[in-house]
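Novice:
In structure tokens:
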């Protein structure tokens, strides 16, 4: 059932951190895999769910996101009432210590910050219960996330009657993207020496998330 859209504020993104290339934003979404879907609840309190969503880049000017929620999930009613949702995808992120900036020794005017990757996609939401459409969504989700397995499981591996019963417990959703913002905050606002210091500091970390983030620091 289609539902009306409402306004939503865009993510704060200074120019130097903004990602403009649609292919790059698509890669960021696909690398993230899991989204945080947020909308306003019927009582005005934010409602959120963590969901794997598929990005259909050719569905509309900015593409669309598709997935499903459990029928028992209270956010389902909130989505219908709100009419619009925000899907947040995040990527590598890390704390940045001022100790890594060579400029600290020069003037001391440095503070900590956080580097991260994020994509915000928002727009009106359609929810649906058509069994064939739901089957297509879960099949596509399964194919994507089973692809790395040595012997991928398929929806058709389960008895058809069992799958049909499982589909009755979920509702599909399609978010038609009207605002798509990619952000890669990787110390672009610092000079080359400070960026090199951050990259080196993160590369030396024992935390794989720090090392992944450090690899994204521009030279």
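In my numbering, the protein residues as written are 129 to 347. We put the CB at the ideal spot given by N, CA and C, even for glycine. Nothing here was measured: the structure is a model prediction, and the numbers come from that model.
Could you check the C-alpha separation between residue 212 and residue 267 for me, to the nearest Å?
Specialist: 25 angstroms
Novice: On the DSSP bridge assignment, give the partners of residue 248 in chain order.
Specialist: The beta-bridge partner set that DSSP reports for residue 248 consists of 216, 309.
Novice: Measuring CB atoms only, is the segment 228-248 touching the segment 289-302, in the sense that at least three cross pairs come out at less than 8 angstroms?
Specialist: no
Novice: What three-state label does DSSP hand residue 337 in the structure shown?
Specialist: helix
Novice: What is the DSSP secondary structure of residue 201, counted as helix, strand or coil?
Specialist: Annotated three-state conformation of residue 201 is coil, per DSSP.
Novice: Using CA atoms only, rank isn't needed, just tell me which of 196, 245, 205, 208 is closest to residue 218.
Specialist: 245
Novice: Put residue 293 into one of helix, strand or coil per three-state DSSP.
Specialist: helix
Novice: Sort 139, 313, 333, 334 by Cα distance to residue 346 and report the nearest one.
Specialist: 313
Novice: Please look up how many angstroms separate the CB atoms of residue 265 and residue 194, rounded, as I've assumed it's under 8 angstroms.
Specialist: 6 angstroms
Novice: Less than 7 angstroms between the C-beta atoms of residue 157 and residue 247, yes or no?
Specialist: yes
Novice: Cα separation between residue 249 and residue 204?
Specialist: 18 angstroms
Novice: Just how far apart, CA to CA, sit residue 260 and residue 295?
Specialist: 10 angstroms
Novice: Report all residues from its chain with a CB closer than 6 angstroms to the CB of residue 340; omit the five preceding and five following residues, and keep chain order.
Specialist: Excluding its 5 nearest sequence neighbours in each direction, residue 340 has C-beta neighbours in its own chain below 6 angstroms: 220, listed in chain order.
Novice: What does a CB cutoff of less than 7 angstroms around residue 316 pick up in its chain, not counting 5 residues either side in sequence?
Specialist: 144, 145, 346
Novice: Taking the DSSP output, what are the residues bridged to residue 165?
Specialist: 177, 215
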